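**Q** Residue numbers (mature numbering (1 follows the signal peptide of the UniProt record, and there is no 0)): -17 to -1, 1 to 282.
Glycine included, each C-beta is placed from N, C-alpha and C at the ideal position.
Model, not experiment: these values are computed from the prediction.
(1) Going by DSSP, what residue range makes up the alpha helix (DSSP H) through residue 353?
(2) Answer yes if the region 9 to 21 comes into contact with the region 208 to 219, meaning at least three C-beta pairs across the two stretches below 8 Å, and no otherwise.
(3) Measuring CB to CB, does residue 45 end up less than 8 Å from residue 234?
(4) Per DSSP, which one or two residues make a beta bridge with residue 212?
(5) Rounding to the nearest angstrom, what Cα-Cα distance links residue 278 and residue 159 in this structure?
(6) Which residues mark the beginning and the end of the alpha helix (DSSP H) in which residue 207 is found?
(7) Does the beta carbon of residue 25 sit closer than 8 Å to a beta carbon anywhere in chain D?
(8) Starting from residue 89, follow the alpha helix (DSSP H) in both directions and report where the run begins and ends.
(9) Would you grab the beta carbon distance between residue 10 and residue 111 for me? Rounded to a whole angstrom, and I think it's under 8 Å.
(10) Compute the Euclidean distance between the alpha carbons of residue 148 and residue 252, then round it to the nearest angstrom.
(11) Measuring alpha carbon to alpha carbon, tell me which of 102, 8 and 185 ends up nearest residue 114.
(12) Quick check: residue 261 and residue 162, are their CB atoms within less than 8 Å of each other?
(13) Taking the alpha helix (DSSP H) that residue 110 falls in, what are its first and last residues?
(14) Within this structure, are the beta carbons of residue 130 and residue 94 separated by less than 8 Å?
(15) Identify whether residue -15 lies in helix, strand or coil by the three-state DSSP scheme.
(16) What first and last residue would you give for the alpha helix (DSSP H) that runs through residue 5?
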């Protein structure tokens, strides 16, 4: 234990200063990635084998929400291994800057260090030099990669119930935005939940929903992440992958919500046990219909 604590003292993250850049954030995320890889090796867990998502025009806002997902996953790992957990940070109001992402990633790193200390896994991080060419897109891709790796290290992996809650958050945002438009149509009658759906079916439906969100942003003259490909192997999609893409949708709808005058505040959405991919697929269909109605009202 003493050795672990000594090692952790030597790798404490650099102090936060106002004006941290995306290059600084990338450097810190790289350090977290090294420490996660060390934990993975020590735990004997498999290496994630996925190509990075193909995205363009990423902003710190989108990076922040993926970093929140990483916080959630590392927090769950922290609880499984140490029986300690932390409350999820609240996103800052207004414009999210790289320094906000830096602070959140720093919180993630502190949890990883706590796990290493608790398990007596001594590890010295080789923090890379700052690469000034790194952009929010690079940070986003690296955070997604680490997200995928952490999920393989969890005993209780992210489930359809977790995804259902995240998609419901997206539905609430979309409903709030739609409520600001004139002549909001009454909600359609509920439909039956289609049985037998798999995570890949939910993934494909959420990708369609993202294209609608992107179209809304274009009509409103707002800049947003351009998603070319999340993964080339959709046959290997698991609920954690769907959770990551659902988190991206939430980040974009949160952004649109912040640029919508008169939109009500988001509701608190609770986790519900016992949900299956079919339930999430059905809820994603509700989201898709809301987004289509928003586009119609914008004409």
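**A** Working from what's here:
(1) Shown here, the chain extends from -17 to 282; a query on residue 353 therefore has no answer.
(2) no
(3) Working through the chain shown from its first residue, we reach residue 45 at position 62. Working through the chain shown from its first residue, we reach residue 234 at position 251. It is a contact, given that the beta carbons lie within the stated cut-off.
(4) Position 229 of the chain shown, counted from the first residue, corresponds to residue 212. Answer is 37, bridged to residue 212.
(5) Looking up residue 278 in the chain shown gives position 295. Looking up residue 159 in the chain shown gives position 176. Cα to Cα, the separation comes out at about 14 Å.
(6) As a working mapping, residue 207 is identified with position 224 in the chain shown. First-last for residue 207: undefined, no H or E at that position.
(7) Here chain D cannot be found, since the structure has a single protein chain.
(8) Counted from its first residue, the chain shown places residue 89 at position 106. Here the alpha helix (DSSP H) through residue 89 covers 81 to 102.
(9) As a working note, residue 10 is residue 27 in the chain shown. As a working note, residue 111 is residue 128 in the chain shown. Indeed, because the Cβ distance is near 6 Å, the residues count as touching under 8 Å.
(10) One-based indexing of the chain shown puts residue 148 at position 165. One-based indexing of the chain shown puts residue 252 at position 269. C-alpha separation (whole angstroms): 7 Å.
(11) Along the chain shown, one-based indexing puts residue 114 at 131. The candidate whose alpha carbon is nearest that of residue 114 is 8.
(12) Against the chain shown, residue 261 aligns to sequence position 278. Against the chain shown, residue 162 aligns to sequence position 179. Not in contact: residue 261 and residue 162 (Cβ atoms no closer than 8 Å).
(13) For the purposes of this step, residue 110 is taken as residue 127 along the chain shown, with counting starting at 1. From DSSP, residue 110 is part of no alpha helix (DSSP H); its letter is neither H nor E.
(14) For the purposes of this step, residue 130 is identified with residue 147 of the chain shown, where counting begins at 1. For the purposes of this step, residue 94 is identified with residue 111 of the chain shown, where counting begins at 1. In this structure, residue 130 sits away from residue 94, with a CB-CB distance that is not shorter than 8 Å.
(15) Locating residue -15 in the chain shown gives position 3, where the first residue counts as 1. At residue -15 the pLDDT is 31, less than 50, meaning the model places this residue with poor confidence and gives no usable figure here.
(16) Sequence index remark: in the chain shown, residue 5 carries index 22 (1-based). Note, residue 5: alpha helix (DSSP H), 5 to 26.
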